[in-house]
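Sequential numbering from 0 applies to the sequence shown in numbering that gives the first Met the number 0.
Here the structure is laid out as structure tokens; the discussion comes afterwards.
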Amino acid sequence: MKKQQSMIDYVYESLKSAIYEQKLVPGQKLVENDISNSLSISRTPIRHAFSRLKEEGFLTILPNRGAMVINPSVDEIADAFIHRKQLELLASEKIMEAISADDITRLKELIQLEKETHTQKNLVNYIKVNKEFHYLLINSCNNRFLINHAKKMIDQTHIYLALYDRFYFIPEKKDIRGPNEHQMLIEYIEQNKAEAFFSLLATHITSAIDEYKNRVQHFHQAKDLFN
């Protein structure tokens, strides 16, 4: 069982990394038999890995068609970001009252970490740091159901970021919109400028919709990841 579990983890991590590295494109079919032959293993751990990725929102598994990387429409992406905006604004409604000095210190640390992930071209860590930043903003809400729902939408939209963002193509010395806007959000919190904070937060969340419309990627076969 341990060996099978380690193989499940290996396939899972390899495919997830390939999505984060934008080697697998939206809608690309993942052929169990190809991966099985490449690794000389049965299909069982592959199916378990596929199932985990489906649960996290990376894959779609259809009867008689198998697994494929999610391929959301522009409308689906727009709906997700709009819904996330609504939830995150609602959850952050009392942030001026609830946020602590320690929270602000941590937010500033996260901005610096964001910049470092861009320099390192580490999308996995960038997404992790970006999520923590937005999670911290919504923690001012004392409604755990709202917080959990908002976090779910933050996670979903970060999958779209993994698929469509131009992260790897942004020049190292270019100003990066995300950290810059995050810095402005913190300044508005410190200055108690609620209207400016919520206006920028709304724009910050939904601006990705247009950014992700026309992304083109190089196509890779899933089986090539294991050669």
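Think of the CB as a built atom: it goes at the ideal place given N, C-alpha and C, for glycine as much as any other residue.
Presumed contact (8 angstroms Cβ cut-off) between residue i and residue j, rounded CB distance
i	j	result
A201	L88	6 angstroms
L52	L23	Wrong, their Cβ atoms sit about 11 angstroms apart, outside the cutoff.
H117	I175	6 angstroms
H203	E180	5 angstroms
Chain-order list of residues whose beta-carbon lies under 6 angstroms from that of residue i (same chain, five-residue window excluded)
i	result
Y19	L122, V123, A161
K93	S139
A66	L29, F49, L58, I60
I69	T59
K84	A201, I204, T205
Residue i, DSSP secondary structure in three states
i	result
L23	coil
G56	coil
V68	strand
K28	strand
F218	Model confidence at F218 stands at a pLDDT of 44, short of 50, so the residue's coordinates are unreliable and nothing is read from them.
Buried or exposed (CB count within 10 angstroms, at least 16 for buried), residue i
i	result
F49	buried
Q119	exposed
G26	exposed
E189	exposed
F144	exposed
N129	buried
Q111	exposed
A97	exposed
S35	buried
E113	buried
S91	buried
P178	buried
Y11	buried
Y125	buried
Y163	buried
A100	exposed
heavy atom of the ligand SAM below 8 angstroms from residue i C-beta
i	result
E113	By its list of ligands, the structure shown contains no ligand whatsoever, and the ligand SAM lies outside what it can speak to.
Where the alpha helix (DSSP H) containing residue i begins and where it ends
i	result
V73	73-90
R105	100-119
I175	I175 -> no alpha helix (DSSP H), and no H or E assigned at all.
N129	122-137
D154	143-163
I40	Run containing I40: none; DSSP gives neither H nor E here.
F197	193-205
7 angstroms CB neighbourhood of residue i in its chain, flanking five on each side removed
i	result
L135	D102, R105, L106
I76	Y159, I208, Y211
E131	L109
H148	L86
Nonlocal neighbours in the same chain, by C-beta distance under 8 angstroms from residue i, ignoring five residues either side
i	result
A79	P71, M152, Q155, T156, Y159
M95	I188, N191, A193, F196
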